[in-house]
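Data first, discussion second: the structure below is written as structure tokens.
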């Protein structure tokens, strides 16, 4: 039986140290935050559930609070009632929620921290018309494919027998499946030119926003964002991040970055590994081959990110993504144990009308039942008392 929640709630419920702890950052292994750049899952030392239970019971039986704190600082463990379940492993049976880890974590971090997407305050004013026209022309018609400028000698009407030139984007027509075998990143990539500036700057953000309205989204996808980087649209949800990175941004960035330039090629490979690992993790069917491909793209993405963005460190979510395959092997597809249904249910509860009296709905209902019973009691025949039924409603 899996236990799933967002990262802070999971750590508190299981009695584990938070993800900001330097010595006990991970709930699955003993890796410290100082070694967060270790991306080979074979080198990770897994936590022992027996040792965790023994330490938790020592914290429970400690004589005073200071003793509990010493155990927590040295082991990162507090007592949890779940430790007493003999049939349930606290270490093995809690999962890394992919909705929070990948969609709200890795994708948002990649866009805001690695790419350093420009804030909305910096893009309120549009660039001059000639600059925007140049960006569009360079993206849609590369120099070698751009139509020649008209000259006085050929300014007349074209001959009827000459077909109009066809201009196309210089992209490869390969399968768009994230696990397609045609996408093979280099075995030993060299990142000799670290990227220190902003990738998602003002010009690129304008380029993407000009193309988002031109993408025809199927009606089954209801959370595709119409504009990126505008505060008026609000905070992006998990579905927004997923659709942005798996549908919209590939259609915008692949034609722009698919060139022989090593700079953009590295960015494209890094972006492709990220999209591939997210799509593989969220598949409706799971197999050992899919899990192996996820591990491959996950490691390639983390290694390329360390090479491309050396001044932008990895986050705990990046390390926790190395443990998602363990949950996939143990519990199957993520749709059986991610937090999407519960987050939406919580959203519905929050939006319900409660007159700012949260938590009083059940007691208020019982109170109204008692009042109504007292009101109608004098009008009922003598001896017909139903007050003994009221405890069932309380």
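Numbering (my numbering), first residue to last: 279 to 672.
Think of the CB as a built atom: it goes at the ideal place given N, C-alpha and C, for glycine as much as any other residue.
Quick caveat: nothing in here was measured; it's all calculated off a predicted structure.
(message) Buried or exposed, going by whether 16 or more other CB atoms sit within 10 Å of the CB of residue 617?
(response) buried
(request) Please determine, among 584, 304, 559 and 491, the residue with the shortest C-alpha to C-alpha distance to residue 529. (result) 491
(request) Output the boundary residues of the alpha helix (DSSP H) element that contains residue 291. (result) 285-292
(request) Take every Cβ of the stretch 370-381, pair it with every Cβ of the stretch 602-613, and state whether three or more of those distances are shorter than 8 Å. (result) yes
(request) Whole angstroms is fine: what's the gap from residue 496's alpha carbon to residue 502's? (result) 10 Å
(request) Return the Cβ separation of residue 393 and residue 477 in integer angstroms, given the expectation that the two are a contact with Cβ distance under 8 Å. (result) 4 Å
(request) Using DSSP bridges, identify the partner residues of residue 355. (result) 294
(request) With a cut-off of 8 Å on the beta carbons, I'd call residue 559 and residue 579 a contact; round off their distance for me. (result) Between residue 579 and residue 559 the Cβ distance is about 12 Å, and since that is not below 8 Å, they are no contact.
(message) Bridge partners for residue 324 per DSSP, in chain order?
(response) 307
(request) Please state whether DSSP places residue 281 in a helix, a strand or coil. (result) strand
(message) Is it buried or exposed, residue 331, if we count other Cβ atoms within 10 angstroms and call 16 or more buried?
(response) buried
(request) Verify whether the separation of the beta carbon atoms of residue 309 and residue 292 is less than 7 Å. (result) no
(message) If I measure Cβ to Cβ from residue 295 and keep anything under 6 Å in the same chain, skipping five residues before and after, which residues do I get?
(response) 302 and 354
(message) Do residue 379 and residue 599 have their beta-carbon atoms positioned less than 7 Å apart in this structure?
(response) yes
(request) Could you give the DSSP three-state label for residue 437: helix, strand or coil? (result) Reliability fails at residue 437, whose pLDDT of 45 lies under 50, so the model's placement of it is uncertain and the value that follows must be treated cautiously. DSSP places residue 437 in coil when its eight states are reduced to three.
(request) List the whole-angstrom C-beta distance separating residue 531 from residue 506, where the pair is believed to meet the contact cut-off of C-beta under 8 Å. (result) Their Cβ separation, rounded to whole angstroms, is 12 Å, which puts residue 531 and residue 506 out of contact at 8 Å.
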